[in-house]
Amino acid sequence: MLSKLLGAVGAVLLIVGVVLAVRPVHAGGDACGSVFQPDEGITPMQCDARLNSRGTLAAGFGAGGLALGITTFTLTALRDRRTRVTP
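Residues in the sequence shown are numbered consecutively from 2, following this note's numbering.
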């Protein structure tokens, strides 16, 4: 049950991270683009702070989701191994 819960929370965090990275950023009414592809023709000083903070949030959510996913696989592997070894 714990591994399913951790896996679900990890998947949600990964999805939130991807959505934050892909969703466009706006600063002062100007479109800045997304974290992956900033808009062209915009001066960097208008959007740098917003894009940097959005990139930090996306990386944090993505790393958290990845860590929970790895933890889920580790717990599942340990549980499977423990049931195979125990007579």
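No residue lacks a Cβ here, since even glycine has one placed at the ideal position from N, Cα and C. As the structure is a prediction and not an experimental result, all values here were calculated from the model.
Exposure label - residue i; buried when at least 16 CB within 10 Å
i     : result
GLY11 : buried
VAL36 : buried
VAL26 : buried
GLY42 : exposed
Separation of residue j from residue i, as counted between CA atoms
i     : j     : result
GLN47 : ALA68 : 33 Å
ASP31 : VAL17 : 24 Å
ASP81 : LEU21 : 35 Å
Whole-angstrom C-beta distance between residue j and residue i, which should lie under 8 Å
i     : j     : result
THR77 : SER4  : 5 Å
GLY61 : LEU15 : At roughly 12 Å, the Cβ-Cβ gap does not stay under 8 Å, so GLY61 and LEU15 are not in contact.
Any C-beta of chain E under 9 Å from that of residue i
i     : result
VAL19 : No chain E is part of this structure, which consists of one protein chain only.
Any non-hydrogen atom of the ligand ATP within 8 Å of residue i CB
i     : result
VAL10 : Summarising the ligand content, the structure contains no ligands, and the ligand ATP is consequently not present.
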